[in-house]
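Notes follow once the structure below has been shown.
Residue numbers (my numbering), protein chains in the order written: chain X, 87 to 734; chain U, 23 to 238; chain L, 405 to 722.
Okay, structure coming up:
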């Protein structure tokens, strides 16, 4: 993907002899890399499994059902430790603990192999995240196609009942869990330092660690299918989770690992945004995308630990016979629901906010106007973030919780529409009397806003307790969250890819194929999910393999559209492979979208330390039409890096 | 690298991935085999099944299980049964397992069937320990399969079980209506060491729950 | 910051006009034409309430969605870059009044919906949703002591993977089929024997989660006779999709006839059932995962040989 030449900026770097010596480092094969990580993982699994057998083989439960959940869980956990150790992630902290003084080195390695090892450059981590997230997305999408194949008929069953719920669970968990960081991982990590004028992240080791946990979680989650699958869906409700076979351990461990990854990534971004802004980058000049990343990160830091606690409790119930969720021994079947949704609701805003961030970041560029009501936009995002912690019980409206809580939670949930509406206010204002450029990223932004509107409005139906009485647990909910998450978040994610790939990789994705991709995807997406609102309102619950015969027509339509949606994503894959790998590299414009953003004022691809000198920010990123000059100036004593930048 | 080399470099892994996807999908749609009931006289079929305390083989040897007998007399480890529509189905179930009480004692009673018999004696209600039940909730049919005593000395431990081991033989007949697909299951909490007794084999096709295909 | 100006007024007027025309046409259509056909129908008071709620929400949503669609459509046609024009647009950074109106309007809509939703929840006594073991909005005749309640009681027992139903006012008989009378307030007591299920009677507008060890109460009054779909609405294991049945609402007279037949059909098994209670936790003797369940009633004998058939009819329950 990256070749050795960088695109040289118009004004060449005079060569600063005072910069520290930058080294390439040892060869890929002589330092920790993914392969040593795999070895570490395998060894770790063996140790964990053996330990679990040694401890738990004689447990009554293990003897009775023949499955040693403890061995599998310990195996997964120690395998992850082994994987991380094999990658060399533990070297630095261990060295410090022992009392050595390891020196951090600048890593000027530009070889392709740097993407396959532990690397502290946030841009490398960003691209690692991007590749990984695309892999997880397509794997989860394939599971979805399996689900839709089964739902073609209410009577002919392709999959056995337990395989069906396991596949549904794999699809949902992989999408929701693995893709939580789909925008924050690739784009947050890559762009936040560039956008605030920083040369690094605050905690690069935490950031890289947060990435390398995700392949481990992915492998653990997929392996759950092999050991029997998990029957609870992505929501993991106990007590069914306690009853489940070994696949449930995979789900719980994977989710716990991803929760940890989220906390680490979150800390890093918040600290970076607060402390590493370049001089002149006041809070009112911080790009909306960075604000979205920061607020998302705060949500992750506060909500994900509750999830990790809940998965830990469920694992304990399953392995060492505690009874936290078992009513027969004093536990509660409500406890999991409350803990899980306390995380689960902020989780969906962890998904929505980065999407909004991309939308609000790109709209000014393609409207050639300032972001309308910038401060209100930030207030809106903060409002969404804060309110998201007070609404989780709307997932429990019919569960028998204290009835007087329901109007309260209905109130807070309805309230969230207000800050979410502010996002549309900003979009509308930015588009007012604009000079819209309908590029491929802009198409995806507009499509995403169209989809999210339908998703958000259906959310209002769900927040109304009596109307929720029909819709809860049905395909209406499914349509609601697919519209907001896939129609919104994923569309914005794809917009981000089309938009920032020229900066990250020095290549452009084909516009022609991109337009095909958009229209196919937009039409197929709506064709797939719009009928599901009706299907749910007509009485079909979620996660069922048998449904009323009368609904077969709609289900067949949806399944065929889902395959069309898969096809549109194949077009996307084709665009990615053709434009980024197969085609010869063409010289492209340094800043193809003529964006004012600070991230576009670096060479392509950016050097390890982003900016040769620390920029001085003199104006905001959205000053289109005001006649302001570039966003930042670079010190006159070193060479400038941006085309046409003025020096003073 | 030339464009052609890059194209091959991309297509080969893609082809391998596609093969992996197809292989995974084939594995996912793997089902226990469908056993077709043998037609004796027109309008009537016979089905013989057995329930065992431990299957003894396969990935879960300690799980309870159903087995169905093929028309040629061999036993198949499956619970997917196919019978014709509008037909009398004469079921014979050999029950080789010990029993317990039911989570829901309603299933102590024979439901939806008028001529159930246990070891030749007609019965409508069983108050003793029950090994398993044969229940098709959608058709309203439920037959308790009495369990053998815990202190039995001649217990079968590996399926398929021969009639020389202690067992109870339950016979009953039901009539199928139009074509359709029905799930059936056991209602005794016999998933030992799973919460409420309904995990493990109870939740796995081929062991304690099954599919009845009624074909026109 | 541009304020007023002919340019602004022109676009505003056009957008407002297009929106108003569409809204005036479509919104009443949603309310009057689509509304009566909205799911889930009007077979019971809850269902009618949910139908009404869906109608009102859709009616409020229509102008909102129309506005966004009209605006986007208009913007894509009129605010587009003309070919060759690479200049920037007007530097409009905000408009205090527009922002205030927007936020104020959305707040007003949201608060109204909240008041509406609360009323629609309280007035129909919980609107068919599961209201827990001590509901606070209850129809007349409800008391916490179910033995003294004058409401028609049905217990819905969810287990993996079928529904059964108990009628405490009729000797605690348990049936596999749900039949309820029309015209009287009915109290559903929903509980589970193992994992979380959810009792969803679609045409009745009743949805109450079945939790083990918990009684979840929901009320309904059925307006007309007919069949209704019962589906499990909370993933409860692999056969969750197979956990459905069909209930019937019949007149009180027909119900009594049916009930007499059930009492006859299940006479032998009633004495074996545990006494009616709102929750049924198993008696676990030793071992966490021991599947031993409810003890048999004291007068049932436990023969030592497997051959003895059960011919006894134990003494009738009180």
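Quick reminder that beta carbons are idealized off the backbone N, C-alpha and C, glycines included.
Pick from the options that is closest to residue i, judged by C-alpha positions
{"i": "residue 467 of chain X", "options": "X/416, X/483, X/380", "result": "X/380"}
{"i": "residue 643 of chain X", "options": "X/170, X/163, X/238, X/214", "result": "X/238"}
{"i": "residue 442 of chain L", "options": "X/575, X/622, X/437", "result": "X/622"}
{"i": "residue 420 of chain X", "options": "L/522, L/652, L/615", "result": "L/615"}
{"i": "residue 673 of chain X", "options": "X/150, X/646, X/594, X/707", "result": "X/594"}
{"i": "residue 216 of chain X", "options": "X/490, X/193, X/275, X/136", "result": "X/275"}
{"i": "residue 511 of chain L", "options": "X/591, X/504, X/195, X/240", "result": "X/504"}
{"i": "residue 384 of chain X", "options": "X/300, X/473, X/448", "result": "X/473"}
{"i": "residue 552 of chain X", "options": "L/418, L/427, L/430, L/459", "result": "L/459"}
{"i": "residue 481 of chain X", "options": "X/667, X/344, X/174, X/428", "result": "X/428"}
{"i": "residue 454 of chain X", "options": "X/680, X/204, X/167, X/437", "result": "X/680"}
{"i": "residue 193 of chain X", "options": "X/708, X/695, X/717", "result": "X/695"}
{"i": "residue 601 of chain X", "options": "X/393, X/144, X/691, X/658", "result": "X/658"}
{"i": "residue 478 of chain L", "options": "L/500, L/440, L/414, L/494", "result": "L/414"}
{"i": "residue 576 of chain L", "options": "L/670, L/474, L/595", "result": "L/670"}
{"i": "residue 509 of chain X", "options": "X/195, X/133, X/490, X/439", "result": "X/439"}
{"i": "residue 229 of chain X", "options": "X/253, X/515, X/218", "result": "X/253"}
C-beta atoms of residue i and residue j nearer than 8 Å
{"i": "residue 555 of chain X", "j": "residue 454 of chain L", "result": "yes"}
{"i": "residue 525 of chain X", "j": "residue 458 of chain X", "result": "no"}
{"i": "residue 306 of chain X", "j": "residue 349 of chain X", "result": "no"}
{"i": "residue 218 of chain U", "j": "residue 146 of chain X", "result": "no"}
{"i": "residue 280 of chain X", "j": "residue 685 of chain X", "result": "yes"}
{"i": "residue 585 of chain L", "j": "residue 654 of chain L", "result": "yes"}
{"i": "residue 662 of chain X", "j": "residue 607 of chain X", "result": "no"}
{"i": "residue 503 of chain L", "j": "residue 462 of chain X", "result": "yes"}
{"i": "residue 588 of chain X", "j": "residue 678 of chain X", "result": "yes"}
{"i": "residue 373 of chain X", "j": "residue 447 of chain X", "result": "yes"}
Other residues of its chain near residue i: CB distance less than 6 Å, five sequence neighbours each side excluded
{"i": "residue 722 of chain L", "result": "In this prediction, residue 722 of chain L has a pLDDT of 30, which is less than 50 and means its spatial position is unreliable; what the coordinates show is noted afterwards. For residue 722 of chain L, where only same-chain residues beyond five positions count, there are no Cβ hits under 6 Å."}
{"i": "residue 35 of chain U", "result": "none"}
{"i": "residue 49 of chain U", "result": "none"}
{"i": "residue 624 of chain L", "result": "448, 450, 532, 590, 608, 610"}
{"i": "residue 317 of chain X", "result": "251, 330"}
Close Cβ partners of residue i (< 7 Å) along its chain, the five nearest in sequence each way excluded
{"i": "residue 692 of chain L", "result": "Confidence at residue 692 of chain L is low in this model, with a pLDDT of 31, below 50, so the placement of that residue is unreliable and no value is reported for it."}
{"i": "residue 107 of chain X", "result": "Residue placement at residue 107 of chain X is flagged as unreliable, the pLDDT there being 44, under the threshold of 50; a coordinate-derived value is accordingly withheld."}
{"i": "residue 631 of chain X", "result": "236, 243, 247, 250"}
Strand pairing of residue i, partner residues [DSSP]
{"i": "residue 567 of chain L", "result": "L/562"}
{"i": "residue 66 of chain U", "result": "U/110"}
{"i": "residue 168 of chain U", "result": "U/152"}
{"i": "residue 448 of chain L", "result": "L/626"}
{"i": "residue 635 of chain L", "result": "L/604, L/648"}
{"i": "residue 528 of chain X", "result": "Its beta-bridge partners do not exist; DSSP assigns none."}
beta-carbon residue i near the ligand SAH non-hydrogen atom, thresh 7 Å
{"i": "residue 673 of chain X", "result": "Inclusion of the ligand SAH in the displayed structure is not the case, the ligand content being empty and no account of it being possible."}
Own chain residues within Cβ distance below 8 Å of residue i, not counting five before or after
{"i": "residue 117 of chain U", "result": "72, 73, 153, 154, 167, 168, 169, 170, 189, 190, 191, 192"}
Cβ of residue i within 8 Å of any chain A Cβ
{"i": "residue 234 of chain U", "result": "The chain labelled as chain A is not found among the protein chains of the depicted structure, namely X, U and L."}
With 8 Å as the C-beta to C-beta threshold (strictly closer), list the residues of the stretch 80-98 of chain U near chain X in chain order. 82, 83, 84, 85
Return the residues of the stretch 492-506 of chain L that lie within a Cβ-Cβ distance of less than 8 Å from chain X, sorted by chain order. Under the 8 Å Cβ criterion, the stretch 492-506 of chain L contributes 492, 493, 494, 495, 496, 497, 498, 499, 502, 503, 506.
For the stretch 614-646 of chain L, which residues have a CB atom closer than 9 Å to at least one CB atom of chain U, in sequence order? 616, 641, 642, 643, 645, 646
Residues within the stretch 126-143 of chain U neighbouring chain L, beta-carbon criterion of under 8 Å: Within the stretch 126-143 of chain U, the qualifying residues are 126, 127, 128, 130, 131, 133, 140, 141, 143.
Using a beta-carbon distance cut-off of less than 8 Å, what residues from the stretch 192-206 of chain U approach chain X? 202, 203, 205
Would you list, in chain order, the members of the stretch 209-227 of chain U that have their beta-carbon closer than 9 Å to a beta-carbon of chain L? Those would be 209, 210, 211, 212, 213, 214, 215, 216, 217, 218, 219, 220, 221, 224, 225, 226, 227, in chain order.
Name, going along the chain, the residues of the stretch 150-178 of chain U whose beta-carbon falls closer than 8 Å to a beta-carbon of chain X. none
Could you run through the stretch 650-680 of chain L and flag, in chain order, every residue whose CB is less than 8 Å away from some CB of chain U? 670, 672, 673, 676, 677, 678
Please list, in chain order, the residues of the stretch 624-640 of chain X that have any C-beta partner in chain L closer than 9 Å. Correct list: 624, 625, 626, 627, 628, 629, 630, 631, 632, 633, 634.
Relative to chain X, which residues along the stretch 443-455 of chain L have a C-beta separation below 9 Å, given in chain order? 443, 444, 450, 451, 453, 454, 455
Check each residue of the stretch 592-604 of chain L: if its Cβ is closer than 7 Å to any Cβ of chain X, include it; give the result in chain order. Of all residues in the stretch 592-604 of chain L, 599, 600, 602, 604 have a Cβ within less than 7 Å of some Cβ in chain X.
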